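Below you'll find the structure, written out as structure tokens, and then a few comments.
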Ligand code: PMP
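Residue numbers (our numbering): 1364 to 1646.
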């Protein structure tokens, strides 16, 4: 397995960063998780947009052009002979001295890892997930905005641990107002009265690339869809629920906080959208 680091392809065993890298010392950096379907980088421009926007928000200048980043990903996929895989694209503030200031970090470090990824067992895609609401909230937008895909996922990791403690694979994170934001690494959707609903950007969510594709697919299929503030109560009384993310793709949810959602089976609109999503990845 080859990993691309700062312009070089190296073996996995040699893919190392310094202990003085501020990405490691302070979580100072941003990343992307991207899929490759049939040899093509899925929604590449949308991921590059978010990558550069996340970096801009934390005042980190990526030392590469978009074309060079795209070429680095393509080179890594090719070196590993993948046609379907997951890409982790990362930029860190780079090597600096101890102390928070990034001023003395000379050059940001960029790396690209490609690998296979299966987040959930197949059975969960067929039967749906049981999930809980975590007590840890999503980042307040006036701290580090949830729109920044930063290297600091500690809130989400703590929420994930709550899920694991409860014996379920995912957890819903609320925002500081107690409204629904998203799951630890996925956006959340419900279906209510035939309408697909998902929290708005300003409810404190990462603007998921899969979320955006899903909203486009709803429009294409003439399924009404809206972005609106949702409370936990809206989830409990929903007819259907599903999660979206690059890693998870689209996965139904059939139980939330021990309330059965709809019929307890993945609903018809969810199934239609899952099929539409898989068709879209083949286009
Ligand atoms: N929310 C969070 C917190 C995430 O980390 C992710 C990415 N795994 C998502 C939502 C989904 O975003 P995308 O569809 O772009 O992968």
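Glycine residues also receive a C-beta, built at the ideal position from the N, C-alpha and C atoms.
Quantities reported herein were computed from a predicted structural model and do not represent experimental measurements.
Enclosing alpha helix (DSSP H) for residue i [first to last residue]
i: residue 1415; result: 1407 to 1420
i: residue 1577; result: 1572 to 1583
i: residue 1518; result: 1517 to 1528
i: residue 1631; result: 1631 to 1645
i: residue 1365; result: Taken as a continuous stretch (DSSP letters only), residue 1365 belongs to no alpha helix (DSSP H), being part of the beta strand (DSSP E) at 1365 to 1368.
i: residue 1386; result: 1385 to 1389
i: residue 1430; result: 1429 to 1442
i: residue 1597; result: 1595 to 1599
For residue i, the first and last residue of its enclosing beta strand (DSSP E)
i: residue 1511; result: Segment: none, residue 1511 is in no beta strand (DSSP E) and carries neither H nor E.
i: residue 1483; result: Taken as a continuous stretch (DSSP letters only), residue 1483 belongs to no beta strand (DSSP E), as it is neither H nor E.
i: residue 1372; result: 1371 to 1374
i: residue 1472; result: 1472 to 1478
i: residue 1554; result: 1550 to 1555
i: residue 1588; result: 1588 to 1590
Cβ distance (whole Å) where residue i is taken to contact residue j below 8 Å
i: residue 1512; j: residue 1394; result: 6 Å
i: residue 1598; j: residue 1623; result: About 12 Å separates the two Cβ atoms, so there is no contact after all.
i: residue 1380; j: residue 1436; result: The pair is not a contact, with the Cβ atoms about 18 Å apart (cut-off 8 Å).
i: residue 1376; j: residue 1368; result: Wrong, their Cβ atoms sit about 13 Å apart, outside the cutoff.
i: residue 1425; j: residue 1410; result: At roughly 13 Å, the Cβ-Cβ gap does not stay under 8 Å, so residue 1425 and residue 1410 are not in contact.
i: residue 1472; j: residue 1374; result: At roughly 18 Å, the Cβ-Cβ gap does not stay under 8 Å, so residue 1472 and residue 1374 are not in contact.
i: residue 1382; j: residue 1448; result: About 29 Å separates the two Cβ atoms, so there is no contact after all.
i: residue 1372; j: residue 1434; result: Not a contact, Cβ separation roughly 12 Å.
Same chain only: Cβ atoms within 7 Å of residue i, ignoring 5 sequence neighbours per side
i: residue 1403; result: none
i: residue 1627; result: 1617
i: residue 1563; result: 1590, 1591, 1592
i: residue 1580; result: 1636, 1639, 1640, 1643
i: residue 1465; result: 1385, 1391, 1456, 1459
i: residue 1463; result: 1389
Own chain, CB closer than 8 Å to residue i, minus 5 neighbours either side, in chain order
i: residue 1526; result: 1494, 1495, 1497, 1532, 1533, 1534, 1547
i: residue 1500; result: 1518, 1536, 1537, 1538, 1539, 1544
i: residue 1514; result: 1386, 1390, 1391, 1392, 1393, 1394, 1453, 1455
i: residue 1556; result: 1602
i: residue 1444; result: none
i: residue 1529; result: 1495
i: residue 1657; result: The displayed coordinates of the chain run from 1364 to 1646. Any statement about residue 1657 would go beyond what the structure contains.
i: residue 1613; result: 1573, 1577, 1605, 1606, 1607, 1633, 1636, 1637, 1640
i: residue 1570; result: 1413, 1510, 1564
Beta-bridge partners of residue i, as assigned by DSSP
i: residue 1495; result: 1534
i: residue 1398; result: 1449
i: residue 1613; result: 1607
i: residue 1543; result: 1537
i: residue 1425; result: DSSP lists no partner for residue 1425.
i: residue 1619; result: 1494, 1622
i: residue 1558; result: 1555
i: residue 1403; result: 1400
i: residue 1392; result: 1455
C-beta neighbour in chain C for residue i, strict 7 Å
i: residue 1499; result: Looking for chain C here will not work: only one protein chain is present.
Residues of its chain near residue i, where Cβ-Cβ distance is below 6 Å and the 5 sequence neighbours each way are ignored
i: residue 1558; result: 1587
i: residue 1406; result: 1572
i: residue 1567; result: 1501, 1504, 1509, 1538, 1544
i: residue 1482; result: 1610, 1611
i: residue 1414; result: 1395
i: residue 1615; result: 1491, 1605, 1629, 1633
i: residue 1439; result: 1367, 1475, 1477
i: residue 1625; result: 1602, 1603
i: residue 1429; result: 1411
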